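A.B. asks: My questions all concern the structure below.
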Amino acid sequence: MPAFQYQAVDPGGKKRKGLVEATSAAAARADLRARDLLPLSVEATQHRVGSARGVRAHRLSLKKQVLVTRQLATLVGAQVRIEDALKIVTDQMSNPRDVSLLLNMRSAIVDGRSFAEALQEVPQSFDEYYRASVRAAETAGKLPQVLEHLAVHIEDRARNRQSLQLALIYPALLAIVSIGVIVALLTFVVPDIVRVFTARGADLPGLTRGLIAVSDWMTRWGLAVAGTGALLVIAGLALLRQPALRLRWDGWLIRAPLLGPLVLRMNAAQFSGTLATLVQSGVPLAEALRAASGTVPNRFVRARVAEITQSVQDGAALSRAVEAAKVFPPMLIAMIASGEASGQLGESLNKAAVDQAAGLKATVTTIVALVEPAVLLVMGGIVMLLVMSILMPIVGLNGLAG
């Protein structure tokens with residue numbers, strides 16, 4: 001049944017609001033009157049797909065996604081129907097928007113849709129990886145196991161994101177403050193110093209003349225360049241929404257000299273982790289590959305995974321198909337071949353996923369560790385040049401005065 005948001009007045013004259021499940025708005029009003037509540041307004045929380053209003057604009061936090069997924073895994077594993085499990089989970093939620101989102105998902109299931117189809121209508125809260133995994137799990141009848149793996153995955157993602165954010169806070173603040181100081185010096189301080197030097201008729205060093213030129217350029221064109229840069233960024237992001245251009249951009253990313261290996265390792269970790277989760281949960285290989293192809297972030301690699309899926313469906317070995325795609329590291333291919341030979345593909349994929357994730361984490365940790373000293377060196381060097389370009393003429397003036 002759909003959910004309705006209501007405002008009502010109780011017998012004591014106090015206003016109340018909340019959510020109620022009913023087949024229609026009239027039924028919702030009747031339910032409220034049965035509770036001795038006088039309905040003031042009753043509005044459906046479910047809107048058409050694509051609407052910007054209502055529950056579809058709401059997003060569950062990662063913490064709540066973990067909570068919901070773990071509870072659903074436990075309940076569905078205990079043979080509770082998914083619509084009943086959603087009702088039990090909803091009853092434990094306190095946020096009205098969270099309650100509304102889950103109730104409308106339950107309503108879609110009661111109306112005859114699958115759990116994956118219900119998730120499809122709330123993409124803000126459950127990403128493509130989550131939806132594709134649930135779709136494959138429902139097909140294979142392995143929903144409890146996959147939900148448990150999804151909860152672990154979301155927890156790891158939240159933990160990694162928090163660690164990365166905490167590690168980048170200090171370098172980011174340092175860079176912002178340093179850039180602000182540099183812009184303030186070039187815009188407000190340098191012009192006043194230039195007037196002093198000009199009035200004294202001093203012969204300015206080359207470093208100081210360069211600083212003055214940069215200051216003049218920023219004063220005249222700084223805002224225009226900043227605005228143009230912002231427009232170019234917005235236009236670039238809009239262009240990347242076009243499928244053909246995004247595919248070419250992603251193809252360039254994996255071939256970039258420094259960024260390419262990191263992008264490939266990130267996609268390999270995502271692909272192998274998803275595939276390991278689904279294969280170990282008993283999902284057929286073709287269905288697992290189809291789900292994994294929808295979770296790879298790089299569109300170019302995703303297209304290659306779709307080719308791998310087609311090759312496996314045509315009877316090719318997974319290791320041969322992955323090797324022919326030429327987008328995954330040799331270690332992953334070797335682990336897949338080993339798993340196929342031993343008949344333990346799920347375990348081999350899991351080991352490969354752990355290896356790829358560990359390598360990716362080590363790479364990201366190294367990059368983050370290098371960011372802070374790099375920012376210090378670059379910003380410190382720029383500030384040192386600014387100070388030297390200002391002090392050198394002052395020392396010259398003192399020499400002339402002596």
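Just so we're aligned, residue 1 is where the sequence shown starts under the UniProt record's numbering, counting upward by one.
We treat Cβ as the ideally placed atom computed from N, Cα and C, and that holds for glycine.
Given the structure is predicted, the values throughout are model-derived calculations rather than measurements.
Are there 16 or more other CB atoms within 10 angstroms of the CB of Asn104, so buried, or fewer, so exposed?
C.D. replies: Numbered from 1 along the sequence shown, position 104 holds the residue referred to as residue 104. Buried, by the Cβ-count rule.
A.B. asks: Where do the ends of the alpha helix (DSSP H) carrying Leu237 lie?
C.D. replies: By one-based count along the sequence shown, residue 237 stands at place 237. Run containing Leu237: 206–239, per the alpha helix (DSSP H) assignment.
A.B. asks: Can you tell me which residues form a DSSP beta bridge with Leu38?
C.D. replies: Looking up residue 38 in the sequence shown gives position 38. Answer by DSSP bridge pairing, in chain order: Val9.
A.B. asks: In the DSSP assignment, find the alpha helix (DSSP H) that holds Leu119 and state where it starts and stops.
C.D. replies: Position 119 of the sequence shown, counted from the first residue, corresponds to residue 119. That run of the alpha helix (DSSP H) goes 115–120.
A.B. asks: Can you give the beta carbon distance from Ala325 to Ile308, rounded, assuming they're within the 8 Å contact cut?
C.D. replies: Start at 1 with the first residue of the sequence shown, and residue 325 comes out as number 325. Start at 1 with the first residue of the sequence shown, and residue 308 comes out as number 308. The Cβ separation is near 5 Å, so the contact holds.
A.B. asks: What residue ranges within the UniProt domain "Type II secretion system protein GspF" (271–393) form continuous alpha helix (DSSP H) runs of no fewer than 4 residues, ordered along the chain?
C.D. replies: DSSP runs (the alpha helix (DSSP H)) wholly in the UniProt domain "Type II secretion system protein GspF" (271–393): 285–293, 299–313, 318–325, 330–342.
A.B. asks: DSSP beta-bridge partners for Arg16?
C.D. replies: Mapped onto the sequence shown, residue 16 falls at position 16. In the DSSP output, where bridge partners are listed per residue, Arg16 has Ala8.
A.B. asks: Which residues in the same chain as Phe126 place their Cβ atom closer than 6 Å to its Cβ, once the five residues preceding and following it in sequence are excluded?
C.D. replies: Numbered from 1 along the sequence shown, position 126 holds the residue referred to as residue 126. Taken in chain order, the residues that qualify are Leu119.
A.B. asks: Which residues in the same chain as Leu385 place their Cβ atom closer than 6 Å to its Cβ, once the five residues preceding and following it in sequence are excluded?
C.D. replies: By one-based count along the sequence shown, residue 385 stands at place 385. Hits under 6 Å: none found.
A.B. asks: Counting pairs of Cβ atoms below 8 Å between the segment 345–362 and the segment 254–268, do you hit three or more?
C.D. replies: In short, these stretches touch, since the Cβ pair count reaches three.
A.B. asks: Would Glu43 be called buried (16 or more neighbouring beta carbons within 10 Å of its own) or exposed?
C.D. replies: The residue you call residue 43 lines up with position 43 of the sequence shown. It is exposed - the Cβ of Glu43 has fewer than 16 other Cβ atoms within 10 Å.
A.B. asks: Would you kindly work out how many angstroms separate the C-alpha atoms of Asp98 and Val76, rounded to a whole number?
C.D. replies: Along the sequence shown, one-based indexing puts residue 98 at 98. Along the sequence shown, one-based indexing puts residue 76 at 76. Approximately 20 Å between the Cα atoms of the pair.
A.B. asks: Do Leu40 and Val9 have their C-beta atoms within less than 9 Å of each other?
C.D. replies: Start at 1 with the first residue of the sequence shown, and residue 40 comes out as number 40. Start at 1 with the first residue of the sequence shown, and residue 9 comes out as number 9. Yes, the Cβ-Cβ distance between Leu40 and Val9 is below 9 Å.
A.B. asks: Below 8 Å on the Cβ atoms is my guess for Glu128 versus Gly251; work out the distance and round it to an integer in Å.
C.D. replies: By 1-based counting over the sequence shown, the position of residue 128 is 128. By 1-based counting over the sequence shown, the position of residue 251 is 251. Actually they do not touch by this definition, with Cβ atoms about 20 Å apart.
A.B. asks: Ile394: which of Leu164, Ala306, Gly12, Thr208 sits nearest, CA to CA?
C.D. replies: Here residue 394 refers to the residue found at position 394 when the sequence shown is read from its first residue. The option with the nearest alpha carbon to Ile394 is Thr208.
A.B. asks: In this structure, does DSSP put Val395 in helix, strand or coil?
C.D. replies: For the purposes of this step, residue 395 is identified with residue 395 of the sequence shown, where counting begins at 1. Three-state DSSP puts Val395 in a helix.
A.B. asks: Which same chain residues end up closer than 6 Å to Leu400 when comparing Cβ atoms and leaving out the 5 residues on each side of it in sequence?
C.D. replies: If you number the sequence shown from 1, residue 400 lands on position 400. Caution applies to Leu400, whose pLDDT of 48 falls short of 50 and renders its modelled position unreliable; the model cannot decide the point.
A.B. asks: Can you give the Cα-Cα distance for Val49 and Pro123, rounded to whole angstroms?
C.D. replies: The residue given as residue 49 occupies position 49 in the sequence shown. The residue given as residue 123 occupies position 123 in the sequence shown. Confidence in Val49 is poor, its pLDDT being 38 and thus under 50, which makes the residue's placement unreliable; the coordinate value appears in the next sentence. Straight-line Cα distance between these residues: approximately 11 Å.
A.B. asks: Short check: CB of Val322 to CB of Leu264, under 9 Å?
C.D. replies: The residue you call residue 322 lines up with position 322 of the sequence shown. The residue you call residue 264 lines up with position 264 of the sequence shown. Not in contact: Val322 and Leu264 (Cβ atoms no closer than 9 Å).
A.B. asks: Look at the alpha carbon of Leu391 and the alpha carbon of Leu360, and state the distance between them as a whole number of angstroms.
C.D. replies: Counting from one through the sequence shown, the residue named residue 391 turns up at place 391. Counting from one through the sequence shown, the residue named residue 360 turns up at place 360. Straight-line Cα distance between these residues: approximately 46 Å.
A.B. asks: What is the DSSP secondary structure of Ala26, reduced to helix, strand or coil?
C.D. replies: Counted from its first residue, the sequence shown places residue 26 at position 26. Looking at Ala26 - three-state DSSP - the assignment turns out to be helix.
A.B. asks: For Met331, count the other beta carbons within 10 Å of its own beta carbon; 16 or more makes it buried, fewer makes it exposed. Which is it?
C.D. replies: Position 331 of the sequence shown, counted from the first residue, corresponds to residue 331. Exposed.
A.B. asks: Do you know offhand how far Val312's Cα is from Ser107's?
C.D. replies: Within the sequence shown, numbered from 1, the residue matching residue 312 stands at position 312. Within the sequence shown, numbered from 1, the residue matching residue 107 stands at position 107. Cα to Cα, Val312 sits roughly 37 Å from Ser107.
A.B. asks: Ser281 and Val80: beta carbons closer than 9 Å?
C.D. replies: In the sequence shown, counting from the first residue as 1, residue 281 sits at position 281. In the sequence shown, counting from the first residue as 1, residue 80 sits at position 80. Contact flag unset, no.
A.B. asks: Assuming Glu155 contacts Val89 under a Cβ cut-off of 8 Å, what Cβ separation, rounded to an integer in Å, is found between them?
C.D. replies: To locate residue 155, count along the sequence shown from 1; it is residue 155. To locate residue 89, count along the sequence shown from 1; it is residue 89. Incorrect: roughly 17 Å between the Cβ atoms, too far for contact.
A.B. asks: Nearest-angstrom Cα distance between Ala30 and Gln92?
C.D. replies: Within the sequence shown, residue 30 is the residue found at index 30, counting from 1. Within the sequence shown, residue 92 is the residue found at index 92, counting from 1. For Ala30 and Gln92, the distance between alpha carbons rounds to 25 Å.
A.B. asks: Among Val387, Ile367, Lys63, Gly381, which has the Cα closest to the Cα of Leu164?
C.D. replies: On the sequence shown, residue 164 is found 164 positions in, with the first residue counted as 1. Checking every option, the nearest Cα to that of Leu164 belongs to Ile367.
A.B. asks: Quick one: Cα of Ser94 to Cα of Ile254, how far?
C.D. replies: Here residue 94 refers to the residue found at position 94 of the sequence shown. Here residue 254 refers to the residue found at position 254 of the sequence shown. One C-alpha to the other measures close to 44 Å.
A.B. asks: When you compare each of Ala85, Glu117, Val194 to Pro144 by their alpha carbons, which one comes out closest?
C.D. replies: If you number the sequence shown from 1, residue 144 lands on position 144. Measuring from the Cα of Pro144, the nearest candidate turns out to be Ala85.
A.B. asks: Are the CB atoms of Leu101 and Tyr130 within a distance shorter than 9 Å?
C.D. replies: For the purposes of this step, residue 130 is taken as residue 130 along the sequence shown, with counting starting at 1. For the purposes of this step, residue 101 is taken as residue 101 along the sequence shown, with counting starting at 1. Taking 9 Å as the Cβ cut-off, Tyr130 and Leu101 do not qualify as a contacting pair.
A.B. asks: Looking at Ile333 and Ser319, is the spacing between their C-beta atoms short of 9 Å?
C.D. replies: Taking the first residue of the sequence shown as position 1, residue 319 is located at position 319. Taking the first residue of the sequence shown as position 1, residue 333 is located at position 333. Closer than 9 Å, so yes.
A.B. asks: Using the DSSP secondary-structure output, state which residues sit across from Glu43 in a beta bridge.
C.D. replies: Locating residue 43 in the sequence shown gives position 43, counting from the first residue. According to DSSP, Glu43 bridges with Gln5.
A.B. asks: Please return the same chain residues whose Cβ sits closer than 6 Å to the Cβ of Gln7, not counting the five positions on each side in sequence.
C.D. replies: As a first step, residue 7 must be located in the sequence shown, where it is residue number 7. Cβ neighbours of Gln7 beyond the five flanking positions: Lys17, Leu40, Ser41.
A.B. asks: By a C-beta neighbour count over all protein chains shown, 10 Å radius and 16 as the cutoff for buried, is Leu225 buried or exposed?
C.D. replies: By one-based count along the sequence shown, residue 225 stands at place 225. What sits at residue 225 in the sequence shown is Val, not Leu. Flag for Val225 reads exposed.
A.B. asks: In this structure, how does DSSP classify Pro123 when only helix, strand and coil are distinguished?
C.D. replies: Indexing the sequence shown from 1 puts residue 123 at position 123. In this structure, Pro123 counts as coil in the three-state DSSP scheme.
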